[in-house]
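> Numbering (the numbering used here), first residue to last: 227 to 563. Cβ coordinates follow ideal geometry from the N, Cα and C atoms, glycine included. In this text, all values refer to a predicted model and were calculated from it rather than measured experimentally. The structure's right below; bear with me while I get my questions together.
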Amino acid sequence: MATLAQIAAEARVSEATVSRVLNSKPGVSESTRQAVITALDVLGYERPTQLRQRSAGLVGLVVPELENPIFPAFAQVIEDALARRRFTPVLCTQSPGSLSEDEYVESLLDHGVAGIIFVSGKHADTRADHDRYRVLLERGLPVVFINGYVDGIDAPFISADDRVAMDIAVAHLCHLGHRRIGLAIGPARFMPSARKHEGFVAALRRHLGLPEAEARSWIAETIFSVEGGAAATTQLLEQGATAVVCGSDMMAIGAIRAARAQGLTVPGDVSVVGFDDSPLVAFLDPPLTTVRQPVAPMGGTAVAALADAIGGDPVASREYLFAPELIMRSSTGPVPA
């Protein structure tokens with residue numbers, strides 16, 4: 227056990243104050259109490275039983291995978307926000323050969339979760355059977371969805387504004403002089419992809435005056451992966467693209483790889499824009515220009531909405547769109563002569 231002197235020095239309070247906090251005595255402000263608890267955590271000591279926070283219940287967090295860095299980023303934000311509200315998060319990650327979303331949901335229900343947050347789940351797939359969510363709502367289980375939308379589901383949906391994301395990416399490239407701009411994107415059956423399709427076509431029409439059919443010809447549909455980004459970029463380069471907007475940062479990594487495989491430089495010959503602003507993309511070679519998905523406010527809003535629903539005061543069941551932000555780094559430059 228840490229000595230009172232060690233804890234007091236770390237928390238910058240008196241030993242008498244530390245003693246009062248450890249023994250749950252009155253007369254200590256909440257900020258001081260929290261400083262002592264933080265000092266215990268920093269020093270690596272276990273909190274006394276009386277200082278341990280009771281859980282307000284289990285909350286399921288279902289994400290599609292963890293290989294794409296954007297999903298661990300969402301998980302971290304959501305888990306932290308849940309913990310601050312005394313909820314215990316239960317992370318369910320899908321991967322090849324693992325449990326499906328439905329199987330995870332059954333397991334969460336067996337464990338008596340108070341609610342579930344779905345990130346880029348089946349609700350984002352327009353071809354999926356969405357009755358699975360209606361069944362949950364009929365059981366009275368609070369649910370919140372991130373990135374995806376289903377009409378007729380009585381729950382909050384939290385999404386990045388994909389159409390705006392495409393507009394600001396295309397506007398940035400047009401400002402640099404690019405006129406042959408392609409989009410490397412995942413399957414259109416997924417709602418975020420479909421909206422990026424729409425936003426990209428609208429942006430080419432708005433900023434370059436292209437007819438809709440010509441604008442759509444600059445879209446290469448593939449899969450959301452490094453390999454998918456490389457394949458789509460290869461196709462777009464064959465069409466003469468000087469810039470490529472990607473549906474994710476992972477795809478943008480593939481785009482850079484494809485350009486280099488053809489002996490091209492980024493951004494000297496080809497400019498590349500990602501989407502997400504995943505951790506570490508600022509340290510790529512070159513650092514990636516990307517459209518930042520506002521993960522922190524989206525995750526915080528999702529948790530707040532779920533907590534309100536669990537507490538019997540649900541927010542309006544509608545879609546809440548969050549504005550993305552262009553993060554300019556070194557993977558974009560002026561159109562080559």
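Assign residue 446 to one of three DSSP states: helix, strand, or coil.
Strand at residue 446.
> Check whether the stretch 523-537 and the stretch 404-421 touch, using three or more Cβ-Cβ pairs below 8 Å as the test.
No, the stretch 523-537 does not touch the stretch 404-421.
> Around the C-beta of residue 516, are 16 or more other C-beta atoms found within 10 angstroms, so that it is buried, or is it exposed?
By the neighbour-count rule (16 or more Cβ atoms within 10 Å), residue 516 is buried.
> Would you identify the three-state DSSP class for residue 490, choosing helix, strand or coil?
In the structure shown, residue 490 sits in coil (DSSP, three-state: anything other than H, G, I, E or B).
> Considering only the alpha carbon of each residue, which of 334, 283, 337 and 289 lies closest to residue 311?
Cα-wise, what sits closest to residue 311 is 283.
> Looking only at its own chain, which residues have a Cβ that is under 6 Å from the Cβ of residue 557, when we skip the five neighbours before and after it?
Result list for residue 557: 492, 493, 498, 512, 514 and 515, in chain order.
> Excluding the 5 residues flanking residue 321 on each side, which residues of the same chain have their C-beta closer than 7 Å to its C-beta?
291, listed in sequence order.
> Under 8 Å, with one C-beta from each stretch per pair, do the stretch 394-408 and the stretch 429-444 reach the 3-pair mark?
Contact holds: three or more Cβ-Cβ distances are below 8 Å.
> On the three-pair Cβ rule with 8 Å, is the stretch 502-512 touching the stretch 463-480?
Segments in contact, yes.
> With a threshold of 16 other CB atoms inside 10 Å of the CB of residue 294, please say whether the residue is buried or exposed.
Looking at its Cβ environment, which holds 16 or more other Cβ atoms inside 10 Å, residue 294 is buried.
> By DSSP's criteria, residue 497 is part of a beta bridge. Which residues make up the other side?
Note: residue 497 sits in a beta bridge opposite 469.
> Quick one: which unbroken alpha helix (DSSP H) runs of 4-plus residues sit fully inside the stretch 271-322? Chain order, please.
Counting whole runs of 4 or more residues, the stretch 271-322 contains the alpha helix (DSSP H) stretches 296-310.
> DSSP beta-bridge partners for residue 532?
Its beta-bridge partners do not exist; DSSP assigns none.
> Work out the CA separation of residue 304 and residue 549 for me, nearest whole Å.
Going by the C-alpha atoms only, they are around 19 Å apart.
> With the cut-off set at 8 Å, would you say residue 482 and residue 447 are in Cβ contact?
Going by C-beta atoms, residue 482 is not nearer than 8 Å to residue 447.
> The alpha helix (DSSP H) that contains residue 257, what's its start and end?
Taken as a continuous stretch (DSSP letters only), the alpha helix (DSSP H) holding residue 257 covers 256-268.
> When you compare only the Cα positions, how much space is there between residue 408 and residue 467?
So the two alpha carbons sit approximately 6 Å from each other.
> Look up residue 515 in the DSSP assignment and say whether it is helix, strand or coil.
Strand, per DSSP.
> In terms of residue numbering, what span does the alpha helix (DSSP H) encompassing residue 426 cover?
Counting along the chain, the alpha helix (DSSP H) containing residue 426 begins and ends at 417-434.
> Hey, could you find the ends of the beta strand (DSSP E) residue 385 is sitting in?
First-last of the beta strand (DSSP E) with residue 385: 383-386.
> Tell me whether the stretch 324-333 and the stretch 254-272 touch, counting them as touching only if at least three CB pairs, one residue from each stretch, are closer than 8 Å.
The stretch 324-333, when compared against the stretch 254-272, does not touch it at the 8 Å Cβ threshold.
> Using three-state DSSP, classify residue 525 as helix, strand or coil.
Helix.
> Got a sec, what are the start and stop residues for the beta strand (DSSP E) residue 379 sits in?
That residue, residue 379, is in no beta strand (DSSP E); it is neither H nor E in DSSP.
> Tell me the residue span of the alpha helix (DSSP H) that contains residue 455.
Looking at the DSSP string, the run of the alpha helix (DSSP H) that includes residue 455 is 452-464.
> Report the rounded CA-to-CA distance for residue 247 versus residue 302, giving the unit in angstroms.
Distance between the alpha carbons of residue 247 and residue 302: 29 Å.
> Looking only at C-alpha atoms, which of 495, 369, 382 and 540 sits nearest to residue 287?
Residue 369 is the option with its Cα nearest to residue 287.
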